[in-house]
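>
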Amino acid sequence: MAKIGDIDVGEFPLLLAPMEDVSDPPFRALCKEQGADVVYTEFISSEGLIRDAAKSVMKLDIYEKERPVGIQIFGANLESMLESVEIVEKSGPDIIDINFGCPVKKVVSKGAGAGILKDIDLMVSLTEAMVKHTKLPVTVKTRLGWDHDSIKILEVAERLQDVGCKAISIHGRTRAQMYKGEADWRPIAEVKNNPRMHIPVFGNGDVDTPERAVEMRDEYGLDGAMIGRASIGNPWFFREVKHYFKTGEHLAPPTLQERVEAARRHLQMSIDWKGEKLGVFETRRHYTNYFKGIPHFKEYRMKMVTSDDAADVFKAFDEVERDFAGYEFV
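First residue of the sequence shown? That's 1 in the UniProt record's numbering, and the numbers climb one at a time after it.
As structure tokens, then:
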């Protein structure tokens, strides 16, 4: 059984990855219902938190039904990171996660996210200071290295563990790769198989089928899988993986009715949480996957992703439910 500090997260837990404009409370709720064992917030800027920036502060919203839930923060300035820990603690998360893996230029250019992979000593000292500054378990999400020639993840993981990190999630690409090519899980397995390592090592990157999750568990021996892009517009992915673990068989895909109902709930929860304008806008990226596979769907999808009026989007859902009644997904 994997444990993050004193938190039992189960045997080979499935973790919802922190994703900007994706892993917000409405989507986390849907994923939790479908079997996600641990969920993480969108990544939050430490500088935004200490400046009381509205968008950053809003991301601190968490709810009891999500637990265990981790709040992820990023930054490269020690004072700002420590001050942000104090702000985060007030929201009552179960875990504080540090983002040392985001490859986006606007984050990296400030030395944060994957940018800190150029300065391992800073990465370690920041983690150590944050561990000492909170009673909550501190975890880290990172990548293999800055580029192929600077992969030191074995050393990095050991040093992070030694300063008190309670779990590490590793994306199987370097920053230079961004999201291109295939994720390489072999260096993650080397971290797990290091006899000095005793904290959970979670794998991330390209877990996009139940078979791949089994491979990560059985062939690479990791402690759990962090799932990102495969869950977008597909919260059922978690239950499908767990069903496959138990039976070795694929679960029947969600029905049209289940998909429409999830889309409705997702949009309504988003509107309730962040207002109509943002709620409508930020759920758009999910609709293609919610209804993936339906033929001649472009007209309906365009209504969903171009309308700024919630009523029009809900109406499009009704039309899908009516016009494709009986459609069976394979």
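Yeah, the Cβ is synthetic: ideal placement off N, Cα and C, and Gly gets one too.
Keep in mind it's a predicted model, so treat the numbers as computed, not measured.
At which residue ranges does the stretch 139 to 219 contain complete alpha helix (DSSP H) runs of 4 or more residues, listed in the order of the chain?
Every alpha helix (DSSP H) stretch that sits fully inside the stretch 139 to 219 and reaches 4 residues is listed by chain position as 153 to 162, 186 to 193, 210 to 218.
> I'd like the list of long-range same chain contacts for S56, defined as Cβ closer than 6 Å, with 5 residues on each side in sequence excluded.
Take S56, set aside five residues on each side of it, and the residues of its chain with a beta-carbon closer than 6 Å to its own are I44, S45, G48, L49, in chain order.
> Would the beta-carbon of P137 fall within 9 Å of that of G5?
yes
> Report the start-end ranges of each alpha helix (DSSP H) in the stretch 67 to 113 that is 4 residues or longer and not cut off at the edges.
78 to 89, 105 to 108
> Thinking P26 and M269 are a contact (beta carbons under 8 Å), I'd like their distance in whole angstroms, please.
Contact between P26 and M269 holds, since their C-beta atoms are separated by about 4 Å, short of 8 Å.
> Alpha carbon to alpha carbon, what distance is there between V241 and D147?
31 Å
> Can you grab the Cα-Cα spacing for the pair K65 / L30, in whole Å?
10 Å
> With burial defined as no fewer than 16 other Cβ atoms inside 10 Å of the residue's Cβ, what is the status of D94: buried or exposed?
buried
> Using the rule of at least 16 other Cβ atoms within 10 Å of the residue's Cβ for burial, across every protein chain shown, is V131 buried or exposed?
That one is buried.
> Taking just the CA atoms, how far does F74 sit from D52?
15 Å
> Taking 6 Å as the limit between beta carbons, can you name the residues of its chain near D37, skipping five residues before and five after?
V9, G10, P13, L14
> Looking at L160 and I188, is the spacing between their C-beta atoms short of 9 Å?
no
> Below 9 Å between beta carbons: does that hold for A78 and L126?
Correcting the residue identity first, residue 78 is Leu in this sequence and not Ala. Yes, the Cβ-Cβ distance between L78 and L126 is below 9 Å.
> With respect to the alpha helix (DSSP H) encompassing G279, which residues constitute its N-terminal and C-terminal limits?
276 to 282
> May I have the straight-line CA-CA distance separating Y287 from E128, to the nearest angstrom?
41 Å
> Near S91, which residues of its chain fall below 7 Å by C-beta distance, leaving aside the five closest residues on each side in sequence?
L60, I62, I71
> Please return the same chain residues whose Cβ sits closer than 8 Å to the Cβ of I168, not counting the five positions on each side in sequence.
T139, V140, K141, T142, A157, L160, Q161, V191, I199, P200, V201, F202
> Would you please state the rounded distance, in angstroms, between the beta carbons of E221 and N193? I believe it to be under 8 Å.
Residue identity differs from the one stated: residue 221 is Gly in this sequence, not Glu. 7 Å between Cβ atoms; contact.
> Could you tell me the distance, in whole angstroms, from the CA atom of T283 to the CA atom of P68?
24 Å
> Could you tell me which of V320, L154, T247 sits nearest to G293, measuring between CA atoms?
V320
> Identify which residue in T41, P253, Y244, G113 has its Cα closest to the Cα of N99.
G113
> Just to confirm my understanding: we take F317, look at its own chain, exclude 5 residues before and 5 after, and list those with CB closer than 7 Å. What are they?
Excluding residues up to 5 positions away in sequence, V260, A263, R264 lie with their Cβ nearer than 7 Å to the Cβ of F317 in the same chain.
> Is it buried or exposed, V330, if we count other Cβ atoms within 10 angstroms and call 16 or more buried?
exposed
> Ignore the nearest five residues each way along the sequence and tell me which others in E83's own chain have a CB closer than 7 Å to its CB.
I50
> DSSP three-state call for K135: helix, strand or coil?
coil
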